[in-house]
């Protein structure tokens, strides 16, 4: 028995030496449930804080409005840049209205050279941005009648301290050439049909006829009434006060603010602070020239030909679509080739075949005719009208300036 016990003990010692002499491993420590909940809460709070910081960033789009805005993008001069067209500018405003990352829009208005129709369309685009729940601010260094009328459509108007607002009313000028022609023994031979058909007067008279004067005065009175009513409605001022302001004429920035025509005396570098409105945790980012297409440094042959032809060719899509036909310039008979140095024109020989092709295209369900023209050839107009009628498709005319 003693030998058996010794043998058993020896086996135990030699077979499990580590169990007998090594340190026993410590059991895994279990964390209390309260500590796990605390860690989960901390992680949740950190995620919420990160999301909150992300939400405090606000992006605004800045779009510069300047120049004449022709119906479509125009080719540059020898040393100039591509001129942005009205449709391109309108697209940028529409995109700002739909862009969820954009929280507001700043319009930098700088010397608009547009007519009343283009002004009205830009005002409509601004209204669309506002309807999307996004504030629209206008900033100007100086401003004339059209500049201010567009700015008045915005929620807030800003000008620098040294700026000038020139609400000078409306006027019309006509240059008469009859006396000049007589110096060279030249006489303009033109046929006038109707008392108010005054297109030939600058060449056949030395002053306005009573009918021409009445015509111009009524047009100016109508525009003036529109101008007064728009300013009064936008700035919540009586119309009589607006008329008195216009009679005052040249206004400093301080005077314009005193009269309630602008909201803030501010510079461009102060925009971010004004948007943040004192909240230092807000990260304001202003996207300059929002969605403006920057032309390449080189104008390739295909781009040049597209510009010369007035735009791109028709697509080969088989989906139902509405064709937009943009007609810009004087209406002329025959073929009027376009060059780098000529103005846009509406040539019957070019437009009629294009309309006929739209009529034959089964995918074109309607035609929008965008017209920006002072008029011109009665023959060419008749040919274009007949081609449109022959399409047997709905035609909607949209008139520009």
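In this note's numbering, the protein residues as written are 693 to 1093. Note that beta-carbon positions come from the ideal geometry of N, C-alpha and C, so glycine has one too. Values in this document were obtained by computation on a predicted structure and should not be read as measured data.
With 16 other Cβ atoms within 10 Å as the buried cut-off, status of residue i
i            : result
residue 1012 : exposed
residue 969  : exposed
residue 1018 : buried
residue 888  : exposed
residue 1093 : buried
residue 752  : buried
residue 788  : buried
residue 922  : buried
residue 993  : Low per-residue confidence applies at residue 993: pLDDT is 46, beneath 50, and the placement is therefore not dependable, though the value from the model is reported in the following sentence. Exposed, by the Cβ-count rule.
residue 1027 : exposed
residue 845  : buried
residue 932  : exposed
residue 859  : buried
residue 1049 : exposed
residue 884  : exposed
residue 790  : exposed
residue 1088 : exposed
residue 980  : exposed
residue 796  : buried
Length of the line joining the Cα atoms of residue i and residue j
i            : j            : result
residue 733  : residue 776  : 54 Å
residue 780  : residue 867  : 34 Å
residue 1079 : residue 1063 : 16 Å
residue 761  : residue 809  : 11 Å
residue 963  : residue 805  : 26 Å
residue 997  : residue 1067 : With a pLDDT of only 48 at residue 997, under 50, the local geometry of the prediction cannot be trusted, and no value is derived from it.
residue 1015 : residue 817  : 21 Å
residue 1036 : residue 1024 : 11 Å
residue 1086 : residue 915  : 32 Å
residue 942  : residue 974  : 38 Å
residue 1061 : residue 1076 : 11 Å
residue 1123 : residue 939  : The shown model of the chain, from 693 to 1093, leaves out residue 1123, and the question about it has no answer.
residue 983  : residue 878  : 53 Å
residue 764  : residue 814  : 15 Å
residue 748  : residue 972  : 10 Å
residue 801  : residue 902  : 38 Å
residue 1090 : residue 737  : 56 Å
residue 652  : residue 782  : In the structure as shown, the chain starts at 693 and stops at 1093, and residue 652 therefore has no counterpart that could be examined.
One or two residues paired with residue i in a DSSP bridge
i            : result
residue 750  : 976
residue 941  : Paired residue(s): none; residue 941 is not in a bridge.
residue 1039 : 1024
residue 919  : Per DSSP, none; premise fails for residue 919.
residue 756  : 800
residue 1076 : BP columns for residue 1076 are empty, so no partner.
residue 1091 : 1063
residue 1068 : 1023
residue 929  : According to DSSP, which records beta bridges pairwise, residue 929 is partnered with nothing at all.
Cβ-Cβ separation, residue j to residue i (assumed contact under 8 Å), whole Å
i            : j            : result
residue 1065 : residue 1022 : 7 Å
residue 856  : residue 834  : 5 Å
residue 850  : residue 937  : That belief does not hold up - the Cβ atoms of residue 850 and residue 937 are roughly 19 Å apart, past 8 Å.
residue 976  : residue 967  : 5 Å
residue 945  : residue 853  : 6 Å
residue 1051 : residue 1083 : 3 Å
residue 895  : residue 917  : Rounded, the Cβ-Cβ distance is 32 Å, inconsistent with contact.
residue 893  : residue 904  : 6 Å
residue 864  : residue 912  : 6 Å
Near the ligand GTP: residue i beta-carbon under 7 Å from a heavy atom
i           : result
residue 872 : In the structure shown, the ligand GTP is absent, as is every other ligand, since no ligand is present at all.
Test: residue i CB closer than 8 Å to a CB of chain C
i            : result
residue 1067 : The structure shown has no chain C; it contains just one protein chain.
Whole runs of the alpha helix (DSSP H) within the stretch 807–881, excluding any shorter than 4 residues: 808–823, 837–843, 870–875
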